[in-house]
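Participant: In this note's numbering, the protein residues as written are 2 to 380.
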Ligand SMILES: Nc1ncnc2c1ncn2[C@@H]1O[C@H](COP(=O)(O)OP(=O)(O)OP(=O)(O)O)[C@@H](O)[C@H]1O
Ligand SMILES: [Mg+2]
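1. Take residue 283 and list the residues in its own chain whose beta-carbon comes closer than 7 angstroms to its own, dropping the five residues that flank it on each side.
2. Mind checking which residues open and close the beta strand (DSSP E) that includes residue 265?
3. Please classify residue 173: is it buried, with 16 or more other beta-carbons within 10 angstroms of its beta-carbon, or exposed?
4. Which residue comes first and which comes last in the alpha helix (DSSP H) that contains residue 144?
5. Would you mind reading off the limits of the beta strand (DSSP E) that contains residue 230?
6. Among the candidates 378, 354 and 340, whose CA atom is the shortest distance from the CA of residue 362?
7. Is the stretch 322-339 close to the stretch 172-186, with three or more CB pairs under 8 angstroms?
8. Is residue 47 helix, strand or coil by DSSP?
9. Rounded to whole angstroms, how far is the Cβ of residue 434 from the Cβ of residue 183, which I believe are closer than 8 angstroms?
10. Expressed to the nearest angstrom, what Euclidean distance is found between the alpha-carbon atoms of residue 130 and residue 178?
11. To the nearest whole angstrom, what separates the beta carbons of residue 139 and residue 180, a pair I think is in contact under 8 angstroms?
12. Note the first and the last residue of the continuous alpha helix (DSSP H) segment covering residue 282.
13. Is any non-hydrogen atom of ligand 2 found closer than 7 angstroms to the C-beta of residue 197, if you look at the structure I gave you?
14. Assign residue 256 to one of three DSSP states: helix, strand, or coil.
15. Is any heavy atom of ligand 1 found at a distance shorter than 7 angstroms from the C-beta of residue 294?
Here is the structure:
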């Protein structure tokens, strides 16, 4: 790049760059014992000479593409925290400072290194539109979430005693996913949500690679919450793993990450399952706390019905207390989708301006009928 038309400066820089590259190559040779870098974070640092210190807008719109670009230039280089890497292509001599390497110490950039550029503040934050106050009941669980929030805000305060891995378990529709979303919305943490089945790849190694990438990405934008939904789909007990050979690799990769061997500071993993008994025992033991999502009691059912009926597009005119008594065993999702939604649809079909007892009774009747059919089929 020619700035100020100074071609002699450019020649000098060319030579300097060649020398620098040679030096880097030599370092690679002498540091063959350097561990492969797992993760690398760079920060744009500007040009080496004062004359060149104008700001160059380093604007990366595609992180994946930047990673490929960066790797192509610096593969094989040995670096440590605080080092500089110089761009040799699009913006020659522009320096990037290494601000984070994992593992710590001298590491070598390899094919598998995850490279990222420091993000601007406030980027990529998602609002899931759910707050803790929307989660009805589950008081103990919300308390634990408050601790996690504090940790994500001030990780250094907790040190070794950081909350790391928490297991949410309970019947379907009791608010596990919703709580994780509320947690992410109420902190400045980024939420990485993944269904455990998405971790299963086509080839051997795909699963562990995905987990590695997931944790690298979370670390890159820490503080982060990793929410692994439906953990039982992959975290099976050893006896089932022999049936599903592809999952044992995932279990092992997860064990490593949950163990925190890789310094996952500022990351909290929450996994959810309907079925903790099916989980691999080693995996299950990595969760410091298991939080049970119980089905709502009568009082909570009433609160849930009130909360969601207020959001219906038609006014609901009925004694909800009666319905909270009639719906023992219903989850929050059942109340919302199977009772209120079906009632609303019935009211719309009736061209009614309100949802009334008649519509609610219709929905309940439907559910009873379904239950009877299920009992006949499965018992
Ligand atoms: N305690 C609750 N308070 C308020 N709403 C709830 C509650 N439990 C469930 N819901 C409602 O039910 C919906 C489904 O809940 P959610 O997806 O969180 O269940 P889950 O426990 O993750 O279920 P699954 O095990 O099937 O994944 C929520 O989006 C919410 O609207
Ligand atoms: Mg869920």
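Glycine residues also receive a C-beta, built at the ideal position from the N, C-alpha and C atoms. Bear in mind that the values here come from a model prediction, so they are computed numbers and not experimental data.
Facilitator: Per the coordinate set shown:
1. Translated into the one-based positions of the chain shown, residue 283 becomes position 282. Cβ within range, chain order: 256.
2. For the purposes of this step, residue 265 is taken as the residue at position 264 of the chain shown. Per DSSP, residue 265 belongs to no beta strand (DSSP E) and is neither H nor E.
3. Locating residue 173 in the chain shown gives position 172, where the first residue counts as 1. With fewer than 16 Cβ atoms within 10 Å of its Cβ, residue 173 is classed as exposed.
4. Stepping through the chain shown from its first residue, residue 144 is reached at position 143. Where residue 144 is concerned, the enclosing alpha helix (DSSP H) stretches over 140-154.
5. Residue mapping note: residue 230 aligns to position 229 of the chain shown, counting from 1. It spans 225-230 - the beta strand (DSSP E) in which residue 230 sits, taken as one unbroken run.
6. Within the chain shown, the letter at position 361 stands for residue 362. Ranking the options by Cα distance to residue 362, first place goes to 340.
7. yes
8. Within the chain shown, numbered from 1, the residue matching residue 47 stands at position 46. DSSP, read as helix, strand or coil, puts residue 47 in strand.
9. This structure does not reach residue 434, given that the chain is present from 2 up to 380, and the question cannot be answered.
10. Locating residue 130 in the chain shown gives position 129, counting from the first residue. Locating residue 178 in the chain shown gives position 177, counting from the first residue. The straight-line gap from Cα to Cα measures roughly 13 angstroms.
11. Indexing the chain shown from 1 puts residue 139 at position 138. Indexing the chain shown from 1 puts residue 180 at position 179. Right, the Cβ-Cβ distance comes to about 7 angstroms (below 8 angstroms), so this counts as a contact.
12. On the chain shown, residue 282 is found 281 positions in, with the first residue counted as 1. Note, residue 282: alpha helix (DSSP H), 282-286.
13. Residue 197 sits at position 196 when you count from the first residue of the chain shown. No, since every heavy atom of ligand 2 falls outside the 7 angstroms radius drawn around the Cβ of residue 197.
14. Along the chain shown, read from residue 1 onward, the residue named residue 256 stands at position 255. Helix, per DSSP.
15. What you label residue 294 is simply residue 293 of the chain shown in a count that begins at 1. Yes, since a heavy atom of ligand 1 falls inside the 7 angstroms radius drawn around the Cβ of residue 294.
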